[in-house]
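Have a look at the structure below before the remarks.
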Amino acid sequence: MFLKSLKTRIIVSILGILIISLISLTLLFNYKATQEIAEVFETYALDHRDMAKKYVESQYDSIRYHESAVLNRRKQELKSSMDVVFTLINDAYFRFQEGDIAEEAAKAEVVRIIQKIRTNEKVGYFWINNTEKPFPVMIMHPTLPELDGKILDAPEFNCAQGKNENLFKAAVDICLSEGEGYIDYLWPKPTETGLTERQPKMSFVRLFEPWNWIIGTGVYIDDLEKDVNDRIDAVIAELNNTIAKTGIGESGYSFIFNEDNKLLVHPNKQNIDGNTLFNPDTGKKLLGELKQQVNKPELYMEYRWDKPGRENKYIYRKRTYVTYYEPLQWYIATTFYIDDFENKISGLTRRLILFSASLLFIALIVSLYVSRSITKPLNQLISSINDTDENGIPVDPIPQTGTNEIFMLSTTMNRMLESINRSRKELKRQHDYSMDIINKSPYIICGIDNDGEIIFINPAGEKITGYSKDEIIGKNCSILFFSNIKEEIRESLFEKTLKKELVDYELPVITKAGEQKIIAWYTLLSENSRNIIVFGQDITKMKEDEEELKILTEQLSKTNIELTEHKENLENLVSERTEILNRTIEELNQTKDFLIESEKMSALGNLVAGIAHEINTPIGVAVTAASHLEEQTNVFNEKYNSDELTRGDFDDYIDTALGSSRMLLANMNRSAELIQSFKLIAVDQSDESLRRFNIKEYIDDILTSLRPKLKKTQHSIYVNCNPDIVINGYPGTLSQILTNLIINSIKHGFENTSSGEIKIEITEEADKIKLLYRDNGIGIPRENLKKIFNPFFTTRRGEGSSGLGMHIVYNLVTQTLGGKIVCRSKEKDGTEFEIIFNSDLSRVEGI
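Number 405 in this note's numbering belongs to position 253 of the sequence shown; there are no gaps in the numbering.
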């Protein structure tokens, strides 16, 4: 009884559909949001892992630079020390030629002096042997005096690495062919407690031809490795201050460990033995399992672990993504806790449920209003229809009130009553089965699926066809009702319906009793496009205008309800999608800003490595000269205090002091020039304050800072600029723009050439500065030219490029300088950038 009321049915239907829709939408949202947020976390973790690997790669490049610089510096120190020793030898030989001293006395004096010289914290020394063959004779060795005067043919001297031959014979061969050279070999190292076992050593040997002497000095490789290891330790400390402190989600982080399972980089567990960490799920060593994960197709490994602040509670599920960096034999991993994104989903679901409850309350109010607006005029209509004559026909015309549909129903019913009154006599004479159908259920209504099987039929259909519902449902309609019509008509009926075309056929139907009836069939496709709804009218016994009224009324009512429901569902879906899209855009913007900062840090790391490499050589030479000057000063002071100082000693010291001073001054001036250029560029990039500067001089400083990048290539850069142009702007911004353009040309434009050419032309027009940058590289394909300034666009994603360089240039020109930039390029015809900005930015910014 409760659901027999139309008002109750409307309310229950609206609320029921809305509740089902909201529950379905909530479940779907929870499922989809879980998937999408998990994908976002996974993508962010993978990007963070790749970014960490790229940062490690940049640090490894600096380590390699440092290693190469240390080796070159030590080689230069050996050569510089040899120059000092040869100054002493040449001086003694000159005095011999002048007749001031006998040749043997000169040789003895040189041997005595060289024997006492020590370098490299008392570990380095010089030895002398002759050039006799097949094996030379040792003239002087300061740490192994027992070798003096002996032929150096013992098997123990077969220690020259790479050649497995006699060390001193190899030195003779190099000096006789080249005059000087470097040798790698194994040799004991002198310490305070004596000589050690043989260790790798590198020595520099040079021939003094007048006396057929070979003088050698060396440096032990472990001293070089110590410098490199110190640099690696510094890199690990820097990674602990950067990568390890970068969070992923609420509790995630990055960490790095080596082949020995030692944790190198970790937010709170640096330098611990990873062999003590076990997977609570498997009982195996955790880092060993993570190593194996690198070679598996799965992207991540899941396991239980504790959380920062909840140590030793191994109950939190987490995912870890691992990659391997072979040059350092490091494993780089990023990890996050699964409940980080599950908590986000739970919060969103609670808000969605609260919103659904509010929507249900509003729907209840709306359904009450809608049901009242429908049932009130219907009740009035029913009241007027109840006032009938003895034949059940309303006495008075039906009042036309209510909604448009009820108004149309009232109008149609009035027309129907007029028609009924005209044919009342005939209807009384024709009291047959069709009369019963008209009064009860004049339409056949059935549902047919896409295979033609009947899935439901109404009672009128049972009466008209003579079949019961059990005999009809599940049967093929073509065989049951339309077996006596042509196949092409049946196929056309279904094809047109599935194409949503209007289908209107008059087809004969054979009843169970064998009687043929002509039925007007109307078909339509259901909302889910899976079933066909069929309406049939017995046009032999029913009036077409009466049946059209019912069809129109039912279709309009159903369509209005469906449109209302569809509109509400569509608005809710659009709102939810808009909210998700806004959050995704915000997260992408944050990721983009983070990657841009990472790109700047990577460029700064390369610049610092280049600076260190560039100034190491002059500083190394200066240190050697200063060390030699200190030693000679100590010798001079000892002779002076012991009254053994001669005029020759004094002259030698003056020559040595003058030479060392000139060497010190020249190399320190060179270092000061480099540091001044680098300092200017670095200060401008870190402090973006408005100031006046000469643009030609500043571009020269920029090119000086890029010398480490350019000196390895044969590329040329030409600058055409009036030396008197002075602008009031941001020099650091100009430095970043030109640096990115030049590096872009070297990496991309000059890919297939070793001698590219770059031209930079600066002109001033009124209050504008026009900068033309051209290279003669391979150019940019036409399809890529319009995307050149898009963030993250790159054609070398797999080679470590991030796609942010030109986007940074575009932002600097258009936002910081308030100018504009245009790129022109053709394949195989180079690339040109035209940049225009104000020469006085204070007027633009209102300063």
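Glycine is no exception: its CB is placed at the ideal position from the N, C-alpha and C atoms. As the structure is a prediction and not an experimental result, all values here were calculated from the model.
- The DSSP assignment places complete beta strand (DSSP E) segments of no fewer than 3 residues inside the stretch 446-530 at 453-457, 468-477, 482-489, in order along the chain.
- Going by DSSP, LYS922 is part of no alpha helix (DSSP H) but of the beta strand (DSSP E) stretching over 920-927.
- Per DSSP, the unbroken alpha helix (DSSP H) holding GLN267 starts and ends at 255-268.
- Per DSSP, reduced to three states, the secondary structure at CYS311 is coil, with no helix or strand assignment.
- Taking one beta carbon from each stretch, the stretch 431-441 and the stretch 450-459 have 3 or more pairs nearer than 8 Å; the two touch.
- Remark: C-beta atoms of TYR334 and PHE356 approach each other more closely than 8 Å.
- Per DSSP, the continuous alpha helix (DSSP H) segment holding TYR850 begins and ends at 847-857.
- Approximately 5 Å separates the beta-carbon atoms of VAL289 and ILE303; this is inside 8 Å, confirming the contact.
- Take ILE241, set aside five residues on each side of it, and the residues of its chain with a beta-carbon closer than 6 Å to its own are VAL262, PHE360, in chain order.
- When secondary structure is reduced to three states using DSSP, ARG844 falls in the strand class.
- Spatial neighbours of ILE912 in its own chain (CB-CB distance under 6 Å, excluding positions within 5 residues in sequence) are listed in chain order as VAL871, TYR925.
- According to the DSSP assignment, GLY884 belongs to the alpha helix (DSSP H) that extends over 883-896.
- Bounds of the beta strand (DSSP E) holding SER977 are 972-977.
- Bounds of the alpha helix (DSSP H) holding LYS615 are 611-617.
- Taking C-beta atoms as the reference points, SER233 and HIS780 count as a pair closer than 8 Å.
- Annotation: LEU964 is outside any alpha helix (DSSP H) and is labelled neither H nor E by DSSP.
- Contact between the stretch 876-893 and the stretch 847-867 is established, with three or more Cβ pairs separated by less than 8 Å.
- Around the CB of GLY346, fewer than 16 other CB atoms lie within 10 Å, so the residue is classed as exposed.
- Residue pairing of ASP336 in beta bridges, as defined by DSSP: MET354.
- Apart from the 5 residues on each side of it in sequence, LEU676 sits with its Cβ closer than 6 Å to the Cβ of ILE685 in its chain, given in chain order.
- In the same chain as VAL446, and ignoring 5 residues on each side of it, the C-beta atoms closer than 6 Å to its own belong to VAL474, TYR476, in chain order.
- DSSP, reduced to helix, strand and coil, places GLN532 within a helical segment of the structure shown.
- Within the same chain, Cβ atoms closer than 7 Å to the Cβ of SER173 are found at ASN721, the five residues on either side in sequence being excluded.
- Taking a 10 Å sphere around the C-beta of GLU229, we find 16 or more other C-beta atoms and assign the residue as buried.
- Secondary structure at VAL222: helix, using DSSP grouped into helix, strand and coil.
- Taken through DSSP and simplified to helix, strand or coil, ALA306 comes out as coil.
- Leaving aside the five residues that flank MET565 on each side, the residues in its chain whose CB is nearer than 7 Å to its CB run, in chain order, ILE550.
- In the structure shown, SER868 adopts extended strand secondary structure according to DSSP, grouped into three states.
- By the CB criterion at 8 Å, CYS311 and ILE366 fall outside the cutoff.
- Annotation: ILE326 is outside any beta strand (DSSP E); the continuous alpha helix (DSSP H) that includes it extends over 319-330.
- In this chain, the beta strand (DSSP E) harbouring LYS911 covers 909-917.
- Secondary structure note for LEU937: it is in no beta strand (DSSP E), and the uninterrupted alpha helix (DSSP H) holding it is 934-937.
- Per the DSSP secondary-structure output, GLY276 pairs in a beta bridge with THR271.
- ALA485 counts as buried, since at least 16 other C-beta atoms from the protein chains shown sit within 10 angstroms of its C-beta.
- A check of alpha carbon separations from VAL974 across VAL961, ASN874, ALA260 identifies VAL961 as the nearest.
- The closest CA to that of LEU817, considering only PRO770, LEU415, PHE246, ALA665, is found on PRO770.
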